[in-house]
Amino acid sequence: MTSLSRARARLEHVTGLSAIMDAAYDAFEDLLAVIREHEDPASSLFAAFMFAAASAADGRDAILFAPSLPPTGNGDRLTALAGAGAEISLEEVADAAAGLGHLLAGRLLEAGQAAADPGDRSACLGAARCAENICGLLRRSGP
Amino acid sequence: MSSRAVLGDFLDAAHEQFSSSASRREAPQGGGDIQQVSDSLLRVLILMSRYVQDVTAGSGTVPARGRRVLTVWGRAGAETREALSNAAASLHEPGARRWLGVSLQRARPAPRHGGGVPRRGPGSPAYPPRARSGRRTGTALRVGTRRHVAGATRAVLAEIGLLARQIAPLGARFALAPGSHGAPWARRKLNAACQWLWVLNTRVEAAQREDPVRAADMELLCAIPVNAAAPRRLPGVSEPVARLCEGVISTAERVRHAEWEAGQQPPWSPGLTADSLRLVALTSAVTSHNCQTLLRCLAARVDDRGSLRDRLLRAAEAAGHAREGWVRVAHALDRVTTDTRRVRLAICCRVW
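Sequences listed follow chains A and B, in order.
Residue 7 in our numbering sits at position 7 of the first sequence, and the numbers go up by one each step.
Residue 171 in our numbering sits at position 28 of the second sequence, and the numbers go up by one each step.
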């Protein structure tokens, strides 16, 4: 959960296409790690978590080959993963993942529409769709 | 054997058209447009060149000095290509160079009598006996071995020589006939092209005298079916053996065509990506999970007597094992990716 919060904060403040893609890549990785950690066959969220994890991996892969993605990340990955796994309910994890997915979708959509390179545009829009899927799978239904 | 058109049908039609009295005598006297005849001849030359190129691939680039190492018919093939190229160049050099796609040589043939009567006709001893397409006797079409390919090459060149022998006097008559319409330069071009056809015929005749074409090769060539696979048709219960044999042949042709088409496809499946593999793993995991849940629910509802409840529970346990296996696969695929920049499949986006 700490990793999701950190990813969310970073994604909210980052600017520039390369920086957004770099933050998005790490955010997808964080989502994947957290979701996998909380997959529980005994839970009613098991199927949703499985599909959301696949979308997180797909979203990460979508921007992996983007021309403007920096070759290396910012080094926060290990720290972020180490902070995951605190005592928290599955519903809270789903809420946090859905919120991050929503933010990811918005930032990537915005970056993709502004990208000049077709490769960057395609990567951002594809990853945005994956983020929307995560949000749609894990958000609470109702108003 | 079959009602399908074969190459022999086309050859028969061509020979009959060229040898008909209307074509050979009356048409030139009745007048004609030289340019139109030249254009028609150019199309025929292009067609002949394609046939020759098919059976003599590569030999057209052999220099004249190096042709001594070729076989008789290999040399004849190179000279035939050269003669056709020069004939086309005589008619329309820029177009011929573009259409034929072979190097053109500007050498001119030794002058011959343009309107001369052929010294040897199609039935002359210089040419092999050729069965008409209607008299085929069921040649087994096992084209593909080196011997058959060599035989087909000889047969094609012999047929091209025959056609050239028929066309050359016709074109020369048009070029020289006072009744035809055309500029002197157009007449000279047409006549020069026909001279090259004479040269072609001479080269083929020389090869034929040295290494005669076998009648079986000619028959094999004439029996080659047109390059269009017959439609698929399931045999009835009372089909005669001959029809069944036809079905086997047409099926083999369709399989060969399908194999050729498959060869054009990439050897891997563009749809097999990390995304698609993940989709398979997670749907299998979820399906196994749902099966386990359903089986447990059923086991809880059945009477405790008998073995059904135990069997349902065992099945639920097996489904759980399957789910765990698929989950492990899905986790492993988290670290797998494929470069899908060119072939991007949005499977996960469409599946929702």
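Backbone N, C-alpha and C define an ideal beta-carbon position, used for all residues, glycine too.
Let me see if you follow: with CB-CB separation under 9 Å, is residue i close to chain C or not?
| i | result |
| --- | --- |
| M21(A) | The question asks about chain C, but that chain is absent: this structure's protein chains are A and B. |
How close, in whole Å, do the beta carbons of residue i and residue j come, if the pair is a contact with beta carbons under 8 Å?
| i | j | result |
| --- | --- | --- |
| R421(B) | D58(A) | 7 Å |
| I310(B) | F153(B) | The pair is not a contact, with the Cβ atoms about 15 Å apart (cut-off 8 Å). |
| N130(A) | G112(A) | Note that residue 130(A) is Cys in the sequence shown, not Asn. Contact doesn't hold; Cβ gap of about 12 Å is too wide. |
| V187(B) | I367(B) | Going by Cβ atoms, the distance from V187(B) to I367(B) rounds to 20 Å, so no, they are not a contact pair. |
| W469(B) | S431(B) | 6 Å |
| A219(B) | A350(B) | 4 Å |
| A496(B) | A424(B) | Examination of residue 496(B) is not possible in this model, given that chain B is present from 144 through 495 alone. |
Can you tell me the Cα-Cα spacing of residue i and residue j, whole angstroms?
| i | j | result |
| --- | --- | --- |
| A428(B) | L108(A) | 30 Å |
| G16(A) | T480(B) | 26 Å |
| V198(B) | P383(B) | 36 Å |
| G136(A) | A98(A) | 7 Å |
| R159(B) | C388(B) | The identity of residue 159(B) in the sequence shown is Glu, whereas the question assumes Arg. One C-alpha to the other measures close to 32 Å. |
| A114(A) | R121(A) | 8 Å |
| S43(A) | A461(B) | 19 Å |
| D360(B) | E225(B) | 24 Å |
| G126(A) | V391(B) | 49 Å |
| A335(B) | Q196(B) | 22 Å |
| W341(B) | A371(B) | 34 Å |
| S183(B) | L319(B) | 17 Å |
| A326(B) | M191(B) | 27 Å |
| A128(A) | H38(A) | 23 Å |
| G294(B) | V398(B) | 25 Å |
| D453(B) | G463(B) | 15 Å |
| I63(A) | A27(A) | 12 Å |
| N433(B) | L4(A) | 29 Å |
| T223(B) | R331(B) | 22 Å |
| L227(B) | V369(B) | 24 Å |
| R375(B) | R193(B) | 30 Å |
| R471(B) | T416(B) | 18 Å |
Tell me which residues share the same chain as residue i and place their Cβ nearer than 7 Å to its Cβ, disregarding the 5 neighbours each side in the sequence.
| i | result |
| --- | --- |
| D117(A) | P67, S68 |
| R439(B) | A459 |
| R36(A) | A53 |
| V356(B) | P271, R297, A298, A301 |
| R10(A) | A23 |
| G304(B) | L343, N344, V347, E348 |
Could you list which residues in chain B have their beta carbon closer than 8 Å to that of residue i, in chain order?
| i | result |
| --- | --- |
| R36(A) | H474, D477 |
| E39(A) | V470 |
| L64(A) | T480 |
Classify residue i as buried or exposed, calling it buried when 16 or more other Cβ atoms lie within 10 Å of its own Cβ.
| i | result |
| --- | --- |
| G322(B) | exposed |
| T418(B) | Reading the sequence as shown, one finds Asp at residue 418(B) and not Thr. With 16 or more other Cβ atoms within 10 Å, it is buried. |
| D354(B) | exposed |
| N89(A) | For the record, residue 89(A) in the displayed sequence is Ser; it is not Asn. Looking at its Cβ environment, which holds fewer than 16 other Cβ atoms inside 10 Å, S89(A) is exposed. |
| R444(B) | exposed |
| D446(B) | exposed |
| L333(B) | buried |
| W216(B) | buried |
| Q435(B) | buried |
| A7(A) | buried |
| Q407(B) | exposed |
| G235(B) | Note on residue identity: the sequence assigns His, not Gly, to residue 235(B). Buried, since its Cβ has 16 or more Cβ neighbours within 10 Å. |
| S141(A) | exposed |
| P312(B) | buried |
| A315(B) | buried |
| W403(B) | exposed |
| S233(B) | buried |
Which same chain residues, not among the five before or five after residue i, have their C-beta less than 6 Å away from its C-beta?
| i | result |
| --- | --- |
| V180(B) | F317 |
| H400(B) | A372 |
| L441(B) | L455 |
| A329(B) | I177, Q178 |
What in chain A is Cβ-close to residue i, meaning under 9 Å?
| i | result |
| --- | --- |
| L425(B) | A47, M50, F51, A53, A54 |
| H432(B) | P41, F46, A47, M50 |
| R439(B) | The premise fails here: R439(B) is roughly 11 Å from chain A at the closest Cβ pair, so nothing lies under 9 Å. |
| A417(B) | A57, D58, D61 |
Residues of chain A with a CB under 8 Å from the CB of residue i: which are they?
| i | result |
| --- | --- |
| R471(B) | Residues of chain A passing the Cβ test: none, with the nearest at roughly 11 Å. |
| R457(B) | Simply none; closest approach about 18 Å. |
| R466(B) | P41 |
Taking 8 Å as the limit between beta carbons, can you name the residues of its chain near residue i, skipping five residues before and five after?
| i | result |
| --- | --- |
| L32(A) | A53, A56, A57, R60 |
| G175(B) | F317, A320, G322, S323, H324 |
| F46(A) | E39, D40 |
| A48(A) | A94, L137, L138 |
If the cut is a Cβ gap below 7 Å, which residues of chain A does residue i touch?
| i | result |
| --- | --- |
| L422(B) | A54 |
| A428(B) | M50 |
At 7 Å on the CB atoms, spell out the chain B contacts of residue i, in chain order.
| i | result |
| --- | --- |
| L31(A) | Simply none; closest approach about 11 Å. |
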